[in-house]
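In the working numbering, the protein residues as written are 5 to 449.
Idealized CB from N, CA, C, for every residue including glycine.
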């Protein structure tokens with residue numbers, strides 16, 4: 005089964021001010037977006053600007069030109085004339101570009117979709133780590149749904165791996181992993197590499213906008229508190245493994261660190277950047293590509309191939325049989341792992357203080373841009389300004405309580421008022437600078 009990604013990580017890209025990452029993307033649902041009148045001039049302007057951005061930014065200039073030419077020709081032929089609302093038009097543009105470029109990271113969406121997910125609906129794991137446990141026979145099991153920014157991901161992974169220390173084998177389950185930060189992926193791979201040797205794990209090749217020049221950013225192994233180097237490693241993959249989840253599988257396969265079990269993955273290796281194309285429409289345009297230092301290539305359009313091909317629902321059982329556990333459990337629940345990881349119950353350092361600063365300064369006409377990293381680009385400043393506007397109508401809360409970490413690397417808080425309780429989620433970088441804000445959302449009764 006080949007996987008067409010859904011809108012799980014558009015929310016992360018749209019809400020944060022971080023640099024682009026290998027994150028799962030697609031056009032978010034527009035069900036919450038009211039219809040807006042879309043006249044011929046607006047349609048033409050959107051297509052024109054989108055075509056320009058594709059030509060200037062798409063990681064492969066020749067394909068960017070091909071995509072731009074396709075939507076320009078479709079507009080000239082009247083293919084878009086019947087669209088009178090933005091969400092439907094954005095979906096059609098996405099579909100047309102997918103038909104030409106076949107790039108699952110590429111998406112066109114309406115900015116008013118905002119993060120797309122309510123805070124309450126985000127899974128309550130920590131930085132993408134769902135669970136860690138030890139199975140019978142000394143087999144460690146780690147399930148990861150995504151790779152949050154390293155500031156949040158590393159401490160969570162360190163706790164999980166410390167609990168699994170002493171195991172005789174390791175199973176990594178990324179069948180539902182939709183991507184994230186390549187630095188977090190490389191940190192997990194570091195646990196499988198010999199200590200004391202710095203090894204290049206992956207690169208991201210970025211196109212310089214408006215040129216055919218590229219830059220490369222390399223990701224290397226790092227010291228880890230404990231090591232799983234040399235242990236048998238099995239990675240469970242499937243059609244819902246996408247982007248950064250695929251990078252983990254590809255890195256482990258090309259570096260010969262483990263065995264992949266399951267189905268071919270989704271085939272998305274081109275990270276993107278959100279850009280405005282006018283009339284409240286955004287486009288997530290792939291501006292980079294992964295590049296393995298081993299193969300010089302990646303998994304784009306092909307997916308990562310398993311070493312042991314089985315239906316992804318049978319991948320756990322197949323891995324356990326390889327490790328001598330028979331009869332093997334088909335699901336992790338049936339395997340009954342002894343839990344070795346619990347999400348933290350306190351916020352990351354600085355997140356509550358940052359939230360208080362944002363609330364204290366909400367009445368100012370402009371946000372305090374010194375709270376951003378110095379190298380934050382214009383999209384990040386715009387996202388910060390949007391967060392400031394969302395906070396402006398609020399009063400001073402009676403109390404602020406930490407709620408939980410979430411799978412995107414945000415810390416969630418409740419803002420308590422006499423007549424209501426609101427939810428917000430905030431993300432910082434390693435230096436304590438603002439990366440993103442979700443909400444405020446109404447808390448469930």
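Reference residue i; option with closest CA among the options
{"i": "residue 53", "options": "89, 282 and 101", "result": "282"}
{"i": "residue 354", "options": "430, 378 and 242", "result": "430"}
{"i": "residue 213", "options": "65, 186 and 113", "result": "65"}
{"i": "residue 404", "options": "286, 360, 234 and 327", "result": "360"}
{"i": "residue 447", "options": "338, 124, 97 and 246", "result": "124"}
{"i": "residue 73", "options": "85, 86 and 57", "result": "57"}
{"i": "residue 83", "options": "69, 71, 100 and 91", "result": "100"}
{"i": "residue 326", "options": "201, 417, 95 and 312", "result": "312"}
{"i": "residue 51", "options": "75, 59, 130 and 332", "result": "75"}
{"i": "residue 183", "options": "167, 219 and 244", "result": "244"}
{"i": "residue 135", "options": "81, 348 and 300", "result": "348"}
{"i": "residue 271", "options": "139, 302 and 44", "result": "302"}
{"i": "residue 286", "options": "387, 433 and 398", "result": "387"}
{"i": "residue 1", "options": "338, 397 and 380", "result": "Residue coverage of the chain in this structure runs from 5 to 449, which leaves residue 1 outside it and unanswerable."}
{"i": "residue 294", "options": "444, 364, 42 and 247", "result": "247"}
{"i": "residue 211", "options": "344, 276, 186 and 362", "result": "276"}
{"i": "residue 299", "options": "255, 306 and 332", "result": "255"}
{"i": "residue 423", "options": "402, 433 and 443", "result": "402"}
{"i": "residue 338", "options": "324, 106 and 296", "result": "324"}
{"i": "residue 95", "options": "146, 336 and 113", "result": "113"}
{"i": "residue 205", "options": "177, 181 and 261", "result": "261"}
{"i": "residue 48", "options": "68, 86 and 67", "result": "86"}
Status (buried if at least 16 other CB within 10 Å, exposed otherwise) for residue i
{"i": "residue 439", "result": "buried"}
{"i": "residue 158", "result": "buried"}
{"i": "residue 8", "result": "For residue 8, the pLDDT reaches just 34, beneath the cut-off of 50, and the residue's location in the model is therefore unreliable, leaving the point undetermined."}
{"i": "residue 194", "result": "buried"}
{"i": "residue 15", "result": "Here the model assigns residue 15 a pLDDT of 33, short of 50, so the residue's position is not dependable, and the following value carries that caveat. Buried is the call here."}
{"i": "residue 239", "result": "buried"}
{"i": "residue 428", "result": "buried"}
{"i": "residue 31", "result": "Unreliable positioning characterises residue 31 in this predicted model, as indicated by a pLDDT of 33, which lies under 50. The coordinate reading is nonetheless provided below. Flag for residue 31 reads buried."}
{"i": "residue 230", "result": "exposed"}
{"i": "residue 191", "result": "buried"}
{"i": "residue 306", "result": "exposed"}
{"i": "residue 304", "result": "buried"}
{"i": "residue 392", "result": "buried"}
{"i": "residue 61", "result": "buried"}
{"i": "residue 434", "result": "exposed"}
Simplified DSSP state of residue i, which is helix, strand or coil
{"i": "residue 126", "result": "coil"}
{"i": "residue 416", "result": "strand"}
{"i": "residue 98", "result": "helix"}
{"i": "residue 405", "result": "strand"}
{"i": "residue 80", "result": "helix"}
{"i": "residue 172", "result": "coil"}
{"i": "residue 240", "result": "strand"}
{"i": "residue 224", "result": "strand"}
{"i": "residue 58", "result": "helix"}
{"i": "residue 86", "result": "coil"}
{"i": "residue 139", "result": "strand"}
{"i": "residue 229", "result": "coil"}
{"i": "residue 423", "result": "coil"}
{"i": "residue 216", "result": "coil"}
{"i": "residue 164", "result": "helix"}
{"i": "residue 439", "result": "strand"}
{"i": "residue 26", "result": "Residue confidence is low: residue 26 scores 42 on pLDDT, short of 50, so the model does not pin down where it sits. Its coordinate-derived value is still stated next. Strand."}
{"i": "residue 432", "result": "strand"}
{"i": "residue 363", "result": "helix"}
Anticipated Cβ contact below 8 Å, residue i with residue j, distance rounded
{"i": "residue 241", "j": "residue 253", "result": "5 Å"}
{"i": "residue 291", "j": "residue 63", "result": "6 Å"}
{"i": "residue 152", "j": "residue 413", "result": "3 Å"}
{"i": "residue 321", "j": "residue 334", "result": "5 Å"}
{"i": "residue 250", "j": "residue 308", "result": "5 Å"}
{"i": "residue 351", "j": "residue 278", "result": "Going by Cβ atoms, the distance from residue 351 to residue 278 rounds to 27 Å, so no, they are not a contact pair."}
{"i": "residue 233", "j": "residue 198", "result": "5 Å"}
{"i": "residue 409", "j": "residue 131", "result": "6 Å"}
{"i": "residue 111", "j": "residue 288", "result": "4 Å"}
{"i": "residue 224", "j": "residue 207", "result": "The Cβ separation is near 10 Å, so there is no contact."}
{"i": "residue 144", "j": "residue 175", "result": "7 Å"}
{"i": "residue 415", "j": "residue 122", "result": "So it is not a contact: roughly 16 Å between Cβ atoms."}
{"i": "residue 363", "j": "residue 437", "result": "Actually they do not touch by this definition, with Cβ atoms about 17 Å apart."}
{"i": "residue 371", "j": "residue 357", "result": "Actually they do not touch by this definition, with Cβ atoms about 16 Å apart."}
{"i": "residue 126", "j": "residue 443", "result": "Incorrect: roughly 11 Å between the Cβ atoms, too far for contact."}
The ligand SAH heavy atom lying under 7 Å from the CB of residue i
{"i": "residue 280", "result": "You won't find the ligand SAH in this model; it holds no ligand whatsoever."}
Those runs of the beta strand (DSSP E) which lie wholly inside the stretch 242-319 and span at least 3 residues: 263-266, 276-282, 285-290 and 292-295
4 or more residues per run - each alpha helix (DSSP H) lying fully within the stretch 318-356: 319-326 and 336-339
Whole beta strand (DSSP E) elements within the stretch 180-213, 3-residue minimum: 204-211
Continuous alpha helix (DSSP H) assignments of at least 4 residues falling wholly in the stretch 365-408: 382-395
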